[in-house]
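Peer 1: This structure is in structure tokens; I'll ask about it shortly.
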Amino acid sequence: MSGRFAACAVLLLLGAVACGGPATVRPDTSFDQASSRVVYPSTARGGTLRLAVTDAPVSLDPGDAGLAYEADLARLYARSLVTYAPAPGSNGLRLVPDLAETLGRPGDGGRTWTYKLRAGLTYEDGTPVRARDVKYAVARSSYTSQLSDGPRDLREALRGAYWGPYLDHDLDHFTGVTTPDDRTVVFHLKRPDYDFDQLVASPQTAPVPQAKDTRLDYEQHPLSTGPYRFERHDIGTGFTLVRNPHWHDDPNRTALPDRIEVTERVAAADLDARLGSGRLDADLAGAGVQPATRNTILAAPTAKAHADDPLTGLVHYAALSTRVRPFDNVHCRRAVQYAVDRTAVQSAYGGPTAGVPATNALPPTVTGYQAADPYPYDLTRARRELAACGHPNGFGTGIAVRADRPGDVAAAQALHQALGRIGIDARVTELSAFQWGSTAGSPAYVHRNGLGVLIGSWAANEPTGSAFLRPLTGTVTRVNNLNLMELRDAKVNRYLALGARTPDATRRAQRWADADRAVMQTAAFVPLLAEKTVLYRPAALANVYVHPAYGMYDYAALGLRSAARTTASP
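Here it is in structure tokens:
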């Protein structure tokens, strides 16, 4: 990118007149509008929506989508049994029917869930969607080694053993899902789960005809049930979506643009420059602009009015290993809790626009979150807890952090300084990202090296307290361990199990809040920051809002304001 182009992009970002004409600016200079409301509501169809991403999607196969933006994008061409309501704010966490006529009907005390498909559903080639295609989609996404990047939540929930459709071609052997007729899908669970609708909101329930499955090659052209189909897909370069002529309007997707063009592997600085100059409409990954661009945006009111700062659903935290002395003593763990200066941690991650100081295990974006601060910053209380755990003068321990995450490394240094004020000498050890699962994720390695503090980050596959807490407090594994605390707490497990058996949504959310509070009572989970990210939306973008289930713009809702960029509908 030439210096002249970079300068032009910055001037346009600031709303100045430069490089051939004035930039369009909005008169409202308020910040973060799209996190809570629809900006420039529109029903106008037409135009080409242009997206870009710095790397490339891991997979565009709905059955292999493991990243939030892949799931957000997949709704353009893959309809799941249920989905999230198309709305900003807390309304967007409400589940609504998609392929199914209604939300799931529970039976057998929450151990079976039945869905009836809408009548008349077809693929992009006009062939009908059948219940067996949904069953096959779940089988291929959950019971094969080839599709390994998507979540395994459905497999963990469903009862029965199955080798998978690539080893056992007889789909009738898959008893975790049955299809009594062409429009009925029944899921059979190992145990009650009244949050099961959350699992089938995954793109993994988007139907796939068994005869059309090309395994890993299926991502080149997934058969569409949504408003768009693939016209072109050059893996590693980009792809183009065009209207699916066999899709009929549904209440969950506006489908405003005629075309959607995605360019992959664009350098981050170049991506920001394209956004600023109006040659790009959004960053597909929803990762936010670079720090230098962020500072430029926030310094100019006209640019700031085009920016949003949503919570992403990810929490940065420090896990205190309950099997590394002296953190086997709850008072030593509480001493760390009271000593953490979360304002300094927030600064380490980049300041207020990078996130809000976290005081709960749960992030504010999931059901079950209830704001609380059980361990306010208090060095006097921290020292009392040290005395109670038999270390009035402090002790030594190790802090493990991934070397490839600058924010985490800076937070580890801030934590080192904070603990030093009460006499805890916490040495920082930077570990390779490629070896993290066999180092910090290996309890034996952690114990052997005295790594009492492990810096982690986590976001749930579904926006519920259970989905967030269960992996972090579950089975301790020899490698790739997610329960870094090595927590085995009966109270936490009881609340999680009770919540799953609770039909009433309000009471269920309260059980997740109870589990959150129980985790914090162990003092093994030190919440640091609920992550936010600064997104920039050019003036041509319409119908814009942040979808809370994904922590980024709702790609199924976006439209365009600029008449100069409209194209004729096919």
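Numbering (the working numbering), first residue to last: 2 to 571. Note that beta-carbon positions come from the ideal geometry of N, C-alpha and C, so glycine has one too.
#1: Relative to the C-alpha of D33, which candidate in L536, R562, G105, Y556 has its C-alpha closest?
#2: For V267, does the three-state DSSP call read helix, strand or coil?
#3: For A427, name the three-state secondary structure that DSSP assigns.
#4: What residue range is occupied by the uninterrupted alpha helix (DSSP H) comprising W513?
#5: According to the Cβ coordinates, are P152 and L559 closer than 9 Å?
#6: According to the neighbour-count rule (16 or more other Cβ atoms, all chains shown, within 10 Å of its Cβ), is R192 buried or exposed?
#7: Where does T123 sit, in a helix, a strand or coil, going by DSSP?
#8: Please list the terminal residues of the continuous beta strand (DSSP E) segment that includes H317.
#9: Measuring only the C-alpha atoms, how far is T238 from A132?
#10: Quick one: Cα of T368 to Cα of V454, how far?
#11: I need the boundaries of the beta strand (DSSP E) containing R326, first residue and last residue.
#12: Do G287 and A69 come within 9 Å of each other at the CB atom, strictly closer than that value?
#13: I'd like to know whether the C-beta of L217 is nearer than 9 Å to at least one C-beta of chain D.
#14: Is it buried or exposed for R266, if we count other Cβ within 10 angstroms and need 16 for buried?
#15: Residues in the same chain with beta-carbon distance under 6 Å from P210, minus the five sequence neighbours each way, listed in chain order, please.
#16: What beta strand (DSSP E) runs, 3 residues minimum, are completely inside the stretch 54-134?
#17: Can you look up D342 in the DSSP assignment and give me helix, strand or coil?
#18: Grab the span of the beta strand (DSSP E) containing P530 for me, first residue to last.
#19: For the beta strand (DSSP E) holding V447, just list the boundary residues, first then last.
#20: Please report the distance separating the alpha-carbon of V493 from that of D515.
#21: Pop quiz: T55 and A268 are said to be a contact at Cβ under 8 Å. What is the actual Cβ separation, rounded to whole angstroms?
#22: From this set, D271, V325, H417, which residue's C-alpha is nearest G451's C-alpha?
#23: At 3 residues or longer, what runs of the beta strand (DSSP E) sit wholly inside the stretch 144-220?
#24: Roughly how many angstroms lie between the CA atoms of A572 and R275, to the nearest whole one?
#25: With a threshold of 16 other CB atoms inside 10 Å of the CB of W335, please say whether the residue is buried or exposed.
#26: Rounded to whole angstroms, how far is the Cβ of L77 from the Cβ of L242, which I believe are closer than 8 Å?
#27: Please name the residue, chosen from Y556, A543, Y167, that lies closest to P42 on a Cα-to-Cα basis.
#28: So, A79 versus V545, is the Cβ gap smaller than 9 Å?
#29: Can you give me the start and stop residues for the beta strand (DSSP E) that L473 sits inside?
#30: If V337 sits next to L321, beta carbons under 8 Å apart, how far is it from one beta carbon to the other, in whole angstroms?
#31: Determine the direct distance from the alpha carbon of E532 to that of Y551, and round the result to whole angstroms.
#32: Which of helix, strand or coil does DSSP assign to L559?
#33: Cutting at 8 Å between CB atoms, please list the residues of its own chain near D519, excluding the five before and the five after it.
Peer 2: In brief:
#1: Taking the first residue of the sequence shown as 1, we reach residue 33 at position 32. Nearest of L536, R562, G105, Y556 to D33, Cα basis: L536.
#2: If you number the sequence shown from 1, residue 267 lands on position 266. DSSP, read as helix, strand or coil, puts V267 in coil.
#3: Within the sequence shown, residue 427 is the residue found at index 426, counting from 1. The three-state reading of DSSP puts A427 in strand, counting E and B together.
#4: Numbered from its first residue, the sequence shown carries residue 513 at position 512. Going by DSSP, W513 is part of the alpha helix (DSSP H) stretching over 506-523.
#5: Counting from one through the sequence shown, the residue named residue 152 turns up at place 151. Counting from one through the sequence shown, the residue named residue 559 turns up at place 558. It is not a contact, given that the beta carbons lie outside the stated cut-off.
#6: By 1-based counting over the sequence shown, the position of residue 192 is 191. R192 should be labelled exposed.
#7: Translated into the one-based positions of the sequence shown, residue 123 becomes position 122. T123 falls in the strand class under three-state DSSP.
#8: Indexing the sequence shown from 1 puts residue 317 at position 316. Run containing H317: 312-321, per the beta strand (DSSP E) assignment.
#9: For this step, residue 238 is matched to residue 237 along the sequence shown. For this step, residue 132 is matched to residue 131 along the sequence shown. Using only the alpha carbons, I get a separation of about 34 Å.
#10: The residue you call residue 368 lines up with position 367 of the sequence shown. The residue you call residue 454 lines up with position 453 of the sequence shown. One C-alpha to the other measures close to 28 Å.
#11: Numbered from its first residue, the sequence shown carries residue 326 at position 325. Where R326 is concerned, there is no enclosing beta strand (DSSP E), given that its DSSP letter is neither H nor E.
#12: For the purposes of this step, residue 69 is taken as residue 68 along the sequence shown, with counting starting at 1. For the purposes of this step, residue 287 is taken as residue 286 along the sequence shown, with counting starting at 1. Yes.
#13: You won't find chain D in this structure, because it holds only one protein chain.
#14: Walking along the sequence shown from the start, residue 266 turns up at place 265. When all chains shown are included, R266 counts as exposed.
#15: To locate residue 210, count along the sequence shown from 1; it is residue 209. Contacts found: D134.
#16: Within the stretch 54-134, the complete beta strand (DSSP E) runs of at least 3 residues are 83-85, 96-98, 106-108, 113-117.
#17: Sequence index remark: in the sequence shown, residue 342 carries index 341 (1-based). For D342, the secondary structure class from DSSP, reduced to helix, strand or coil, is coil.
#18: Counting from one through the sequence shown, the residue named residue 530 turns up at place 529. Correcting the residue identity first, residue 530 is Leu in this sequence and not Pro. 526-533 is the extent of the beta strand (DSSP E) around L530.
#19: For the purposes of this step, residue 447 is taken as the residue at position 446 of the sequence shown. For V447, there is no enclosing beta strand (DSSP E); the enclosing alpha helix (DSSP H) covers residues 444-449.
#20: As a working mapping, residue 493 is identified with position 492 in the sequence shown. As a working mapping, residue 515 is identified with position 514 in the sequence shown. Distance between the alpha carbons of V493 and D515: 8 Å.
#21: As a working note, residue 55 is residue 54 in the sequence shown. As a working note, residue 268 is residue 267 in the sequence shown. Contact holds; Cβ gap of about 7 Å.
#22: In the sequence shown, the residue the question calls residue 451 occupies position 450. For G451, the closest C-alpha among the options D271, V325, H417 is that of V325.
#23: Listed in chain order, the complete beta strand (DSSP E) runs (minimum 3 residues) inside the stretch 144-220 are 178-182, 185-189.
#24: The question about residue 572 has no answer, for the chain in this structure spans 2 to 571.
#25: In the sequence shown, residue 335 corresponds to position 334, counting from 1. Reading off the sequence, residue 335 comes out as Arg, not Trp. Buried, because 16 or more other Cβ atoms sit within 10 Å of the Cβ of R335.
#26: If you number the sequence shown from 1, residue 77 lands on position 76. If you number the sequence shown from 1, residue 242 lands on position 241. Confirmed, Cβ separation roughly 6 Å.
#27: Residue mapping note: residue 42 aligns to position 41 of the sequence shown, counting from 1. Nearest neighbour of P42 by Cα position, chosen from Y556, A543, Y167, turns out to be A543.
#28: As a first step, residue 79 must be located in the sequence shown, where it is residue number 78. As a first step, residue 545 must be located in the sequence shown, where it is residue number 544. For A79 and V545, no; Cβs fall outside 9 Å.
#29: On the sequence shown, position 472 is the one that residue 473 refers to. Counting along the chain, L473 falls outside any beta strand (DSSP E), though it belongs to the alpha helix (DSSP H) covering 466-474.
#30: Counted from its first residue, the sequence shown places residue 337 at position 336. Counted from its first residue, the sequence shown places residue 321 at position 320. Cβ-Cβ separation between V337 and L321: approximately 6 Å, consistent with a contact (criterion under 8 Å).
#31: Working through the sequence shown from its first residue, we reach residue 551 at position 550. Working through the sequence shown from its first residue, we reach residue 532 at position 531. Each residue's alpha carbon lies about 13 Å from the other.
#32: Taking the first residue of the sequence shown as position 1, residue 559 is located at position 558. Looking at L559 - three-state DSSP - the assignment turns out to be coil, as it is neither helix nor strand.
#33: The residue labelled residue 519 in the question sits at position 518 within the sequence shown. The displayed chain sequence assigns Ala, not Asp, to residue 519. Counting only Cβ-Cβ distances below 8 Å, and skipping sequence neighbours, we find D490, K492, V493, Y496.
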